Every structure is written in C-alpha cells, then in structure tokens.
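Colleague: Would you mind keeping the following structure in view while I ask a few things?
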Amino acid sequence: MLTLTINDVDLEVDVPDDMPLLWVLRDVLGMTGTKYGCGIAQCGVCTVHMNGNAVRSCVLPVSEAAGNKITTIEAIGKTALGKRVQQAWLEHEVVQCGYCQSGQIMAAVALLEKVPDVDDADIDLGMAGNMCRCCTYTRIRGAIKSVAKA
Amino acid sequence: MNTQRYSSLLSRSRLFGLVGGMLSLWAAAVLPAQAQDAEQSQIERGEYLARAGDCVACHITEGGKPFAGGLAFELPFGTLYSPNITPDKETGIGDWSDDDFVNAMQKGVGKDGKHYYPAFPYTSYTLMPREDILAIKAYLFSLEPVHQPNRDNDIGFPFNQRWGMMFWNWMFNDNERFKPDPEQSAEWNRGAYLVEGLGHCGECHTPRNLFQARDSSKALAGAEIQGWKAWNITSDDEHGIGAWPDEALASYLSAGHAEGYGVAGGPMAEVVNHSLRFLTPEDINAMVVYLKSVEPQSEGIKRPPLKQLEASVPQQTDHPLGRKLFADTCVSCHSWDGNGRQTPYAALKGLRTVHDPEALNLIQILLDGDALHTANGNYVMPSFGEAYSNEELAELSNFVLEHFGEVEGQLDAKTVEERRQAP
Amino acid sequence: MNKNSSAPVSPERRRMLKASGVALGGLLIATWLPPMVPKSFAIQRLEEEPEDHELQPPTALGAFLRVGHNGHITLISPKIEMGQGVQTGFAMMIAEELEVPLSQVSVAEAPPNPELYSDSILNFQATGGSASTRSNWEPLREAAAAARIMLIQAAANQWQVSAADCRAENGQVIGPGDRRLGYGEVVAAAAELTVPENVPLKKPEDFKIIGKPAQRLDTPSKVDGSAKFTIDLHVPGMKIASARACPVVGGTLVAVDESRARAVPGVVEVIKLDNAVAVIGDHMWAAIKGLEALEESVEWDFGAHGGIDQAQIEQALRDAFERDGAIANDVGDIDKALDGAESKIEAEYEMPFLAHSPLEPMTCVAQVRADACELWVGTQAPVFARQAAAKASGMPAEKVIIHNQWIGGAFGRRLETDFITQATAIAKQVDYPIKLVWTREEDTTHDLYRPHYIDRFAAALDADGMPIGWSQTIVGASVLARFAPDAVPPNGLDSDAVENSANPLYPLSNLRVRYVPEAPKAILNSWWRGVGPLHGAYVVESFVDELAYAAKQDPVDYRLKLLGDQHPRAQAVLRLAAEKANWRQPLPDGRGRGVAVQEVFGSYLATVVELQIDANNGVRIKRLICVADCGIVTNPTSVHSQLEGGTLFGLSAALYNEITVKNGRVEQSNYNDYRQLRISDAPPVEVFVVPSTEAPGGIGEAGTAMIAPALMNAMHAATGKRFRRLPLARAGFHVI
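Protein chains in written order, with this note's numbering: chain R, -13 to 136; chain Z, 40 to 462; chain E, 47 to 782.
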C-alpha cells in the first residue's frame, strides 16, 4: 500500500512500485485529465506537478511519487495562477483537439511559477518538452505571455 | 560459500570431476531423492555462477534464444561469432565431456582442439575451480537444447591461424586457479574471485597491450572497448571509485545506479541486466571490498565537481543549439539541475560521462539509447541517432559537457559520424 | 431548391446535395433533451444511463437538429470534433438561422446512418477532406431556417395572427404587440407542422453570428481536464487491453507462451488473434508489462513481406515509371512541344511515407454482448466503423451501436477501422467491455501511412523561359484503390493522387499527366492530412519555382505571368502574400524566401517562407506567412487556428518526417525517432484571410498542403541548391 497525496487528498493505492503515476491516476483513480502519449517522456501530455515542479507522470514510478505533493489538471484551477492560465488558454483560443492541453497548461503554470516574466525564448525552452500535434504553438506563446504581462 | 572451501577443493578437483561424472549417471538411476537434490542444487549453483559470469551476454543475439550464440564481435582483425552453448548435440555442446568444458573455460581450447580467441574471457575464467565450471555445465545441460548452427568466424590471415594462439596463451594465459590471499578477509577473497575471475571485469576495464592482452600493470585502470569507455574502477579517489561510498558502489553494481556517481550504460547496463543484479548482497559487498582495495591508478576521466545548478534554463551558453535540443528532448527526464526529474536514475550530476571531453559514452548513448533493468523497474533512455543530425548530436553533447561537466566539448558533426560508423 | 440565399452555390454542388439523399427538410424533433453541457453525447449516455443500451435508430426527422421543451437546441453533428472547430462552426450556422444565442446550442454526435449523414463531397459519412463546412454550409442552415419558420408558424397559430407579422429573436418568437413565446413553449405544436421547403436563408450582411469570432463550445472542458476522449472512457466492468500485432503486415501469430503474461500482477487475460496478441489487465500498466513479458516467446509467421527493405520499395516505385499507368489529362501535344522546345527542364521529386501519429493513440471501447455489439470510439468514419465491428463480432450491422467520441488527433488515421476491428475481436472473446489502447510504439509501427510518391516532370520552354507545356508522371500507392476500390475507374486513375496535377492552376496548352499506381509491399497506405493536394501542391509548386529560376525571373512575377487572366483569387492571395512578406525587399546572403500558391480544398492559398541558413546547416525560419481566400468564413478564430496549426503540421513533416522499412518492419517507433515539431522549432505563423463572399472553401488541411513547397523553394533561394526529396532533414539540415 502506498499513500499518495493528490490534489491535497491522501489516497491509498495497492499497485506495483514501478507502475508509472500516469496509469495510477488514469486507470486506478479514474482521473483522466492527465493523458498518455508516448510513455518515454518525449511528448509531455502526461505532465503533472510534484511539489510544484512539472514532471512526466508516464515515467514517474508511483513509489517516487508517494510522500510528495502531486497536483493534476483537475485541480490546477484552484490556484490563482492555474486559473489565470486556463483563462488565458480560452481567451487565446489555444485549443484544437485538446488532447495535449492538460499537459501544456501544467507545464505553463510550472514555468510561470519559476519565471513570472517569461519572454518568447523562455517559453520556447521551457515548453519544448510538450508536443502539440495540432501545432497550437503560436497561441500557446501568446497565452503564456498574456499571463506573464498581467 | 567461502573462498577457503574453494581452495581446499582445488587440488582434488580433477578427481572429483571424473568420479562426479560417473556418479551423476548412477545417481539419477539409483539414488533418486538425495542425489537428485544434490544435482538440483548443483544446477542452481551453476545458474548463479553462469549469471555471475554473464555467459548469456555474449551467447545470445538480439531476439535470439539464450545461450544459442551467434553474437558478432567486430574486432580489429575480423569478426567473431559466439558459439551455441546449449546442450544440442549437433550444434551446441551436448556431446562435450566435463573435461572438454573445463579445458575450454580454463585453457581456451575447444573440444576440437582449436584455440579460442580471447574475446572469450578464458584468461579470467581460468581462475575458476573445476567444481564451479562443472556447476555451470550442469546448468547449461539442464536447459532446452537449441538447434542453431554456429556461424563461421570471419577472420583474415594471419589471425585465422589459430595455432598462433598457443604462443599467445603461453605468454598471457596463466592457466592458474584462484588462490586466496590468506592475508585478506574471506570477503575480500570472494570479491577478488568474482571481479578477476567469474565477473571478468578486467576484460573491459583493463587496458590491453599490443598483443590484445590485458596490461596487468594497469589493472582496472579503464579502457576503451566497442566504442565505449569502461571507466577506471581502481581505488583512486579522483579517477576511480575510491571516493565512492560503499553503498553507492554496491548500488551501482546491483542496480546499475548510484546517484551522483554513476549510471550503468551500454555494455555495463547489459552486465547489470544479465548478471550483477542477480548476485546476492553478500557477493556484491565482497566485490565492493575488493574493488576498494585495487591499487589506485590515476588514469582516465575524473569525476566532475558536483555543481549546484538551478532547475531552470541556463541563460548563458556557448552552445545554444545544444541547449535547445536539451530542452526539446532531454530536460523532461534529466532536468536542468542534473538531478533526475522523475527518478534519480536520470541524474547527470557527478557522472564521468558528462566530464569526458571526447563524450564517448555520451554520444554512444544518444545514438543507441539504453535500457537498465533493475529490481525497482526498468529505466529506458530512448535512442536519438535516427532522427537527429550529426551536427545536432555534437552540439547537444557539447552543451551537456559544458553545463553538467564543466569541460569544453569539441565535438563536431564529423566525429559523430565516425561514431555512427564505428563497429 | 430556390431560395433567397445570396451566398452563391455552384450548380454541381446543388446537384450533389440532392443526390446525397440528405433529408433537407424535416429536422425537428420535439423530444425533450436535457440541456447538455457541450460534450459528447455518448458520455452523457454513459453517465446517465449506463444500463440502457436500447437501440434507437435515428429517423430523418431530427437528423440534424433537436429543439427541447426548454428551448435548448441540440445539434446532431454529422462531423466529429477533432480540433478543427467544426462543431462550433455548425452550431454557429444553426444559431444564426434559428435566431438563438450560441450558448443555447449544444452538440451531440450523429450515429452511423449513410442516408442521413453522408457527406455530399466525400460521398460517405465521414469527417475529412476539409469538406465539412463546404458540404454542410447549406443543409444545416436550411434545417435551422426550416425549424425557425415552423416555430414562428406555431406561435402565430397560437396567437391566431399571420406568421408574416411574427419574427424570431434570441430564442423567442415575437409577435404583434411584443407578444413573446419561447421556443420551448411552441415546439410541441411546431413539431406537428409540415416541414417547409425552399426555405430562404439569411443574407451574409444580416449575419449576427457567422463571421464573428466565437469561442469554441468544446474548449472549456479541454482546459480543465474534464473533456473525455475515447481513451478516457470508463464503462462498468471494463478492463484495459493493449495489443501487439505482427511487426510485418500480413504476418500471423503462430504461438505464444501465455503463462508469462499471466504471471504479471494485474493481468486478467491473454487473447490470441490471427495477427496479434493482446493482454487484458486491470490497468494499462498490467497490459503493457504483460505484452513485454510475452515478447520473448511470441512466434510470428512473417508471411511474404518479412524480407522487404526500404530500398526494394523505392526501386519498385522507380521501376513503375516503365509502366503505362493511367492518363489523368492529355491536352495538346506535349511530345511535340518537348521535341521542338527552345529548352527543356526535367526534375524528379520524392515524398516519404508518413505516419499520422496523433497524440491520442488508437483506442476503442468495445463490448460484444448476446444482444448487441456496442462501441465507444472516436472515428472519422462511423459507418465503416459499424461495418468493421459487425464483421469482427459476427453481428448484423443493425445490432452494432457506435457512440462517436471527441478525437485527440486523427489527421486521417481515424478514417481507418483496423483498431476497431481489433478491439471488437478482443471483446468478442470476453464477457466484459474492454478498452483497447495502443502503445505509442504500436501506433507508430502499425499505422497506414501516407504514400511514398515519386514524380517526374519535363517542361518545354519558350525563348522567354515560359512553359509551352509539361509532362508529369506520378508514381505512388493508390489510397483510393485500397480504401474504396469501387471509386476507382478500371484504368486505375486515382483522383486523389492526381489532385492539383491533372488540372494544374496554371493554364498550359500542352499537358500530359500520367499516374502509375504502385502499392508497396509491407506498407499500407491511407489518407493523411492534406491528402491529394499535399502531394500535388508540393510537386507542382516546386517545379514552377524551378522554371522561374531557370528563366531568371522572380518566382512571384513568373507565377502571375503564367496565371495570365486565370484565377483572380489565386492572384490576389499571391499578391497579398508577397506584400505582407516584403517580397521585393532584397535579402542578405544566406537568407531566402520561397513561395507557393494553389487552390486547395476549394480555397486559395499563398504561403511564403523566409529563412536563414548558418554555416552548420542550421535553418532558422524568420517568417512564415499564409494568406487564404476561403470564401465566407463562419468562425474566423477557427480559420486562423487551422491555418496556423495546419501549416505547422505540414512543416513538421516537411522538416523531419519519414517512415522507412527494414525486414518488413517500420523502423520508427516513438517520438525519439519519429520526431515532431516542437514549440522551439515553430516560427510564428502570420495568417491573413481575404474577405470574401464566395462559397466556403475547406481550411482544415489547406495550410498543411502549402508549406513544403514554400519551405523547399526558400531553401533554394537561400542556398542556390534544390532539395527535391522530403523531408529536409534528409539533406542534413536542422532547425535552430
């Protein structure tokens, strides 16, 4: 039994230690906002926060997550910054298919926490691990910058 | 199982072998329970020893059957293929006698009387007592025979003249069993046996002389093999593993990883995957004790200083393309601060790999990727050789060396291309 | 169909509307539907009626539109939402004619029903070909307008006044004396009325919603993680399955040691299929680990293609040039023109196999019960999905229920039904629902890929370097021949393969276009975003560019000259693109601009790339300009988004993508070796949309088709060298 702290709730799960957090979230806890894309930390759609840092849950063994504070897309809107980023995403009409956007938003919030006054170069290097096959990149930049300026 | 027991058996091993062979036939028929237990325990011991000796690493091909051989060894003088060592009578070693097998392991001579090339590490295995060798044989003979004919070696003259190996052996193969040092602890002696004999660490980690024999004056001082650097694993504090805490070294050996010190990659990852992870904690500790005592050699790449890096994009770099590529494909696991993002297995800080100006292992791992299997799960590094250009991989390497290792990388596209082409 | 619509519709298109058999009339149903948050209909069903699987075949009545007793409007969308914004666009169309605010409309997915939902351009029920807006622009508005008339009539009847004295506004009917009745109050009576024919549509100048940027209906749930894609669904009792098919197409499963997978914690079942092995687990991790555990013991019969390598495939394509193939167009006498020409130019272009690689891998929820086969799956082709499931389950099609789902990227991949067949086959072997989820590796290696094309051109030039004519031979797999063999004439001419080639934008007095279909071994080919124009625009615009340089003329001027008095819309976008790109302003060494202009999917596009090359083959795209005339725009935001994203999607492939085969297997497996454009590679896309009152053109794939020629032409401008084979990375270039 492992105890996970997800979105400020303690949850007990009985799963193999090496099971990636992604599948615990999705298939055990039913929290499907966090997506599967590649399983090798190359696309970023599985991004969640561990103690405020963006991590790829597809390669995060659940045993490493235990004892840390995990935040997912389902709860990021409860933070002021998370809410602002989500709002910016809507205002800039970033979303196309939407599949990667949970991960994009989680990565953007983590980036803005670290670098509140991001510019294009910061965004390009800070968000490069999050792929979007619809290629909404132009609008992602715009949305993040609008939060940075606000 | 202590080393004293090995030595006491040494002198009698030949006799035991002969009698043992006959006994096992008889035992199977007449003395079921007890003798079969003994046989079973010999097989189990053999399996353990075969793992410690990492036999399967060479006697298998990708996607092939274990111990059926066929792996290519591209050497400066030609290509060798490992033979089938399953008990198939026609294509394997099914009709080998105990002596045949012992001769192969200790003297490097096959059943047909032909000399092996020392790609087969008999100059290390020769330290093994007959008893251990026969346990391995018993294990191999307990497996399903695989019918897979051996591939002919592709060796040109004069190296195809195998009789020449007699002289080589005369010079470089001591053909002596391991003799414990009474001055040292049982643990140390066990470690020495595992490192020098079964584990044949020196085959990769000891540089070779002109004759492709291990240079005993530089034992375990590090060498280049198959395009990889096998690091200096002597007790030197800066160049070797002298400064590694015992637990770190034990963790490296058993799980392929010691945060801030090393991650097994390439051939070493395979050693962990196939061999070391199966060893008992006692044996791992014995190896640690022995390695810590190996005469220090100040050769090779030093461990980099442990830098305190920010977990954010470095603003200054001489290698902006490398930084971009690191942001694209690397930072998700390795993080800007060199700590593993999801797991310490991905930590880059403190690794000699990121401090080697030639970036030999770094580029190898970028080109081909890596996979480490541990009791805690599998850790995979994808390969980037296919989709990333030579220029990109060179600049990525230069950035990694600059950022994590504090060395000036001089990699260029041409070097990366050469590494791609290298066998 | 005579009405006061001022939006012109071509006679051909009208004919197609009729021929498609879509019931353009009765579209009203008085069934009350709860006001749904804008999300998938099937999800609603899952949450509210998990046990209710009653088959309810839709009727012509209410095919597109439902008005609830609460006045809420539900659009039954014949097109699935996969990021193109189509459902919001459709909602805008009906909100416009129904006189309701957009917020009063929600969307449900149409079930498979070819009579009701076949696309009038594609001729089957599908989302693709950038056809959605083009083919639904009229029927949807007509449906809404008919509903409005009926609602007004019902209110007028109740008030006993003339309908002519009533009007609709904001979801209400307003009568003389400012009497008001909400739609919900009159819908029951309205449903009894005869559906009017020849309904007049609003004039564009009266549009209140169409043409104004609107927020997409589906996006709020996509920024908070609550949106459900197929991969996110859970039905009661469901388990997770993942599969590994024979790595070689056409191969079969011989044997597998199931016990190894069964020993993995969480594994429930190992399923053997003809060409694959699947592991069912409590969770995806168990399924993945189970498949890994099977790896060593799986034995395949690789079939006929186990030895096929890329070089053999390419050689077979080259050999195909010797065959006659089919003539797609033959005007004048090109042989004579070439013989007598002042000079000749020849060129060969090559485009690789491409995987679709949507971020949501292939996934399908399936349950095969005694009474029905029920599927929850994001599909671009629901009728084909139903056929596939019927075949795999052994049930008649009417017993197959398809709940279409929002799609996490398709790009043409979900027009195929291979994964639906597989999910159904797995579900058939167990007595609970399964959710099949492919790993990324399975998705990459078992795609159906964009064909590998080779094109050869020869142009005859006059003394001014203008073409007297050209010949073009296209070799590549015929997607149509595999996908819809009946749609291919006996000579094998695939209309998709010769798009933008058979009838080039540029008028030529001598032209011969020949197509030789050559299906590669070991690779199946399918539709890929941009389809025919992706290929046609690349080769034609590359070749015209070569002719311009050979004539030592400016590539924009040369194109304009060649167009003469033809295609004013093409000329307009080209001129505007040149203006926005500062085309006439000279660039320093190492910099270059490239341009492409074409009519694609009924829209006119011009794309300009400006780039810079450094000493180490680094390419920096400085500007990327896309100008479009796509007729009347429904939602400008979606048009801009599609042009931005579509252009970059095409750039991703043009820069990096190439699928290759070794030993019958696809060599690429995941994003480490099948690289995709990242934000750090992506230049900002400057989009300009020309105001237009023409009928809507397609936009979802238009940008994608235009970028490769513009990019490669810019590479030539910057380096003086022609790179004719995609992707650019092959030539050793990378993005900086």
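Yeah, the Cβ is synthetic: ideal placement off N, Cα and C, and Gly gets one too.
Here the structure is a predicted model, which means the values were calculated and not measured.
Looking only at its own chain, which residues have a Cβ that is under 8 Å from the Cβ of residue 407/E, when we skip the five neighbours before and after it?
Modeller: 277, 483, 484, 485, 486, 488, 489
Colleague: Taking the alpha carbon of residue 622/E as the reference point, which residue from 598/E, 605/E, 674/E has its own alpha carbon closest?
Modeller: Comparing Cα positions, the closest option is 674/E.
Colleague: With respect to the beta strand (DSSP E) encompassing residue 248/E, which residues constitute its N-terminal and C-terminal limits?
Modeller: Careful: residue 248/E lies outside any beta strand (DSSP E) and carries neither H nor E.
Colleague: Which of helix, strand or coil does DSSP assign to residue 268/Z?
Modeller: strand
Colleague: Among residues of its own chain, excluding the 5 on either side of residue 178/Z, which ones have a beta-carbon nearer than 6 Å to its beta-carbon?
Modeller: 82, 85, 86, 89
Colleague: By the DSSP assignment, the alpha helix (DSSP H) with residue 407/Z in it spans what residues?
Modeller: 399 to 407
Colleague: Does any CB atom of chain E fall closer than 8 Å to the CB of residue 6/R?
Modeller: yes
Colleague: Would you kindly check if the distance between the Cβ of residue 72/R and the Cβ of residue 63/R is under 8 Å?
Modeller: yes
Colleague: Since residue 403/Z contacts residue 267/Z with CB under 8 Å, what's their CB separation in whole angstroms?
Modeller: Cβ-Cβ separation between residue 403/Z and residue 267/Z: approximately 6 Å, consistent with a contact (criterion under 8 Å).
Colleague: Going straight from the alpha carbon of residue 102/E to that of residue 575/E, what length do you get?
Modeller: Here residue 102/E scores only 33 on pLDDT, less than 50, and its place in the model is too uncertain to base an answer on.
Colleague: Applying the criterion that 16 or more other CB atoms from any shown protein chain within 10 Å of the CB defines a buried residue, is residue 451/E buried or exposed?
Modeller: buried
Colleague: Taking CB distances under 8 Å as the criterion, tell me whether residue 288/E reaches chain R.
Modeller: Among the residues facing chain R, residue 288/E is not included, as its CB has no counterpart in that chain under 8 Å away.
Colleague: What in chain Z is Cβ-close to residue 111/R, meaning under 8 Å?
Modeller: 352, 362, 363, 366
Colleague: Looking at residue 441/Z and residue 367/Z, is the spacing between their C-beta atoms short of 8 Å?
Modeller: In this structure, residue 441/Z does not lie closer than 8 Å to residue 367/Z by Cβ.
Colleague: Could you list the residues in the segment 9 to 22 of chain R with a C-beta less than 9 Å from some C-beta on chain E, going in chain order?
Modeller: Taking a C-beta cut-off of 9 Å against chain E, the contacting residues of the segment 9 to 22 of chain R are 9, 10, 12, 13, 14, 16, 17, 18, 19, 20, 21, 22, listed in chain order.
Colleague: Would you call the segment 580 to 592 of chain E and the segment 391 to 401 of chain E in contact, with 3 or more CB pairs under 8 Å?
Modeller: yes
Colleague: Taking residue 197/R and residue 115/R to be in contact with their CB atoms under 8 Å, please state how far apart those CB atoms are, rounded to whole angstroms.
Modeller: Since the first and last residues shown for chain R are -13 and 136, residue 197/R lies out of range.
Colleague: Considering only residues of the segment 103 to 132 of chain Z, which uninterrupted beta strand (DSSP E) runs meet the minimum length of 3 residues and lie entirely inside it, listed in chain order?
Modeller: 111 to 114, 117 to 120
Colleague: Would you say residue 421/Z reaches chain E, if we count a Cβ-Cβ gap shorter than 8 Å as a contact?
Modeller: yes
Colleague: Could you work out which residues of chain Z lie near residue 726/E, taking near to mean beta carbons separated by less than 7 Å?
Modeller: 363, 366, 367
Colleague: What would DSSP say about residue 7/R, mapped onto helix, strand or coil?
Modeller: helix
Colleague: Quick one: grab the DSSP three-state call for residue 336/E.
Modeller: Looking at residue 336/E - three-state DSSP - the assignment turns out to be helix.
Colleague: Can you find a C-beta in chain R that's less than 8 Å from the C-beta of residue 302/Z?
Modeller: no
Colleague: If you follow the alpha helix (DSSP H) that residue 361/Z is part of, which residue opens it and which one closes it?
Modeller: 359 to 364
Colleague: In terms of residues, what are the limits of the alpha helix (DSSP H) holding residue 454/Z?
Modeller: Element bounds for residue 454/Z: 452 to 460.
Colleague: Let me see if you follow: with CB-CB separation under 8 Å, is residue 256/E close to chain R or not?
Modeller: no
Colleague: Could you name the residues that DSSP lists as bridge partners for residue 422/E?
Modeller: Per DSSP, 411/E, 449/E.
Colleague: Leaving out five residues on either side along the sequence, give the residues of the same chain with a beta carbon under 6 Å from the beta carbon of residue 761/E.
Modeller: Only 769 meet the Cβ criterion.
Colleague: Flag residue 306/E as yes if its beta-carbon sits less than 8 Å from any beta-carbon of chain Z, otherwise no.
Modeller: Not one beta carbon of chain Z lies nearer than 8 Å to the beta carbon of residue 306/E.
Colleague: Candidates 115/E, 773/E, 678/E, 121/E: which alpha carbon is nearest residue 237/E's?
Modeller: 115/E
Colleague: Which same chain residues end up closer than 6 Å to residue 227/E when comparing Cβ atoms and leaving out the 5 residues on each side of it in sequence?
Modeller: 201, 219
Colleague: What are the start and end residues of each continuous alpha helix (DSSP H) run of 4 or more residues lying completely inside the segment 315 to 368 of chain Z, in chain order?
Modeller: 320 to 330, 359 to 364
Colleague: Closest by CA to residue 287/Z, which one among 328/Z, 128/Z, 249/Z, 250/Z?
Modeller: When only C-alpha atoms are compared, the closest one is 328/Z.
Colleague: Compare the C-beta of residue 719/E against all C-beta atoms of chain Z and say whether one is closer than 8 Å.
Modeller: yes
Colleague: Please report the straight-line C-alpha distance between residue 157/Z and residue 180/Z, rounded to a whole angstrom.
Modeller: Approximately 24 Å, taken between the alpha carbons.
Colleague: Using only the alpha-carbon positions, how far apart do residue 347/Z and residue 239/Z sit?
Modeller: 37 Å
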